[in-house]
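Student: Following this message is one structure expressed as structure tokens.
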Amino acid sequence: MSAEPRKRFVGRKTQDGSASSTEVTRKPVRRALNQIPLDILQDEALNEAIKLLPKNYNFEIAKTVWKIRTAQSKRVALQMPEGLLVYACVVADILEQFCNVDVIVMGDVTYGACCVDDFTAMSLGCDMLIHYAHSCLVPIDVTKIKVLYIFVTISIDEQHLVNTLKKYLTGQRLALVSTIQFNYTLHSILEPLRMQNIQAVASQQMPLSKGEVLGCTSPRLDDTAVDAIVYIGDGRFHLESCMIYNPDIKAYKYDPYDKSFTIEEYGHDEMRAVRKESINKAKYSKTVGFILGSLGRQGNPKTLELLQSKFIERGFAVVSVVLSEIFPQKLAEFTGIDCWVQIGCPRLSIDWGYAFSKPLLTPYEAMVMIGQDEWLPNNAYPMDYYATKGYGRGQLPRA
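For what it's worth, full-length UniProt numbering labels the leading residue of the sequence shown as 1, then goes sequentially.
So, in structure tokens, the structure goes:
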């Protein structure tokens, strides 16, 4: 393949927010800070060092110092998404100076909460992993070493957001969603919106936080009770998850960085047609390759075992492959495989599946293929991968 394939599904921006406002500085969360000893909170040298980081990004340095000291850690790994790696060396220097620990910055790509890489951190001799900018998708009681999740809550201009929604969506019933960085803002504006005659709720897909969405996991909304989805954040990846699961509800995006407010659209019919075509082609397969994602904790061995047993029962030959990242060129090197089922990121198949020479199915699509799951009505496509009973947790969502 000579050229990198273009992403198939994109949206359009059709509306800009222009409400005026002033910058809002968020107050610290007292419940968490009250647990931290005063000698850390009032350490002048530490507080001076913290000023090297952006003031509207909460890296929770004092909490981190306290946790490292309490655990008596000797070597700590830092794992950040690419957008935060620019601050990694500053954070590492602070922790080395004030905790007397070795710090390793993990440079491998980190797409989301599923990429928590405690295995690699442990192999590097670390006794603690600090994972930034994602929620606790992988519980700390199942990781191989201590894991501290830092959400990196970002302070934004909340009044501008409220004014924007008042200007365009007064009288409507809204479902507010965001990534974990803006989840505090989402909840803090609920009451101000109600005072402006805007009904707003923070919908939930358990076990995620209320209002939180991931690229593969979003709440299923009642289109008779919700007029519009409003996503707070930049980019479209996480918003698309909610749109895919709720095709009949209009979606908006408020970007807190450039303060734009846009209507977002998605090619639902085209996406479903492409995915149905892949499933129909895969039905004629004799040998099915199962890919267990090894990027952090993306791949669930229980899911692999569940799917393979179903396919073996139906007479398919199965082959297991472990990959950290999945590319068309890599899979093309395998001969004798008629189709693939990847247990990693469902969005890889949805967004990029057409670029592969053989069908590349998600666990959901694989189960539809063998009659163990079904297409949802009303053009919806399930985004419940890491829900409590999702395929990502080795469960059968609609069993």
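The beta-carbon is built from N, C-alpha and C at its ideal position, and this holds for glycine as well.
Please read these numbers as outputs of a predicted model, since none were measured by experiment.
Any idea if Gly299 is buried or exposed, counting beta-carbon neighbours within 10 angstroms, 16 or more meaning buried?
Tutor: With 16 or more Cβ atoms within 10 Å of its Cβ, Gly299 is classed as buried.
Student: The beta strand (DSSP E) that contains Thr217, what's its start and end?
Tutor: Element bounds for Thr217: n/a, residue is neither H nor E.
Student: Taking the C-alpha atoms as reference points, what is the distance between Tyr57 and Ala399?
Tutor: Distance between the alpha carbons of Tyr57 and Ala399: 42 Å.
Student: Looking only at its chain, what residues have a beta carbon closer than 8 Å to the beta carbon of Ser209, apart from the 5 residues adjacent to it on each side?
Tutor: Here the set comprises Ser135, Ile180 and Asn183.
Student: The beta strand (DSSP E) with Glu264 in it runs from where to where?
Tutor: Glu264 -> beta strand (DSSP E) spans Ser260 to Glu264.
Student: With a cut-off of 8 Å, do at least 3 Cβ pairs link the region 293-310 to the region 271-278?
Tutor: Flag = no, the region 293-310 and the region 271-278 do not touch.
Student: Just how far apart, CA to CA, sit Trp66 and Asp93?
Tutor: One C-alpha to the other measures close to 16 Å.
Student: Does the separation of the CB atoms of Thr224 and Asn197 fall below 8 Å?
Tutor: Cβ distance not < 8 Å, so Thr224 and Asn197 don't count as in contact.
Student: Look at the alpha carbon of Asn246 and the alpha carbon of Gly233, and state the distance between them as a whole number of angstroms.
Tutor: Whole-angstrom Cα-Cα distance: 18 Å.
Student: Rounded to whole angstroms, what's the CA-CA distance from Pro219 to Asp39? Just pull it up for me.
Tutor: Straight-line Cα distance between these residues: approximately 42 Å.
Student: Considering Cα atoms alone, identify which of Leu376, Ile36, Asp222 and Leu46 is closest to Lys250.
Tutor: Answer by Cα proximity: Asp222.
Student: With distances taken from CA atoms, which of Tyr257, Leu361 and Ile244 is nearest Tyr391?
Tutor: Taking only the C-alpha atoms, the option nearest Tyr391 is Leu361.
Student: Under a Cβ-count criterion, where at least 16 other Cβ atoms within 10 Å of its own Cβ denotes burial, should Glu44 be classed as buried or exposed?
Tutor: When all chains shown are included, Glu44 counts as exposed.
Student: Can you give, in chain order, each stretch of the alpha helix (DSSP H) that sits fully within the region 26-107 and has at least 4 residues?
Tutor: Counting only runs of 4 or more, we get 30-33, 38-41, 44-50, 61-71 and 88-99.
Student: With DSSP as the reference, label Trp375 as helix, strand or coil.
Tutor: The answer is coil: DSSP assigns Trp375 none of H, G, I, E or B.
Student: Under 8 Å between the Cβ atoms of Tyr149 and Leu84?
Tutor: Cβ atoms of Tyr149 and Leu84: not closer than 8 Å.
Student: Beta strand (DSSP E) containing Thr185: first to last residue?
Tutor: Run containing Thr185: none in the beta strand (DSSP E); it sits in the alpha helix (DSSP H), Asn183 to Ser188.
Student: Roughly how many whole angstroms lie between the Cα atoms of Ala77 and Asp127?
Tutor: Rounded to whole angstroms, Ala77 to Asp127 spans 8 Å at the Cα level.
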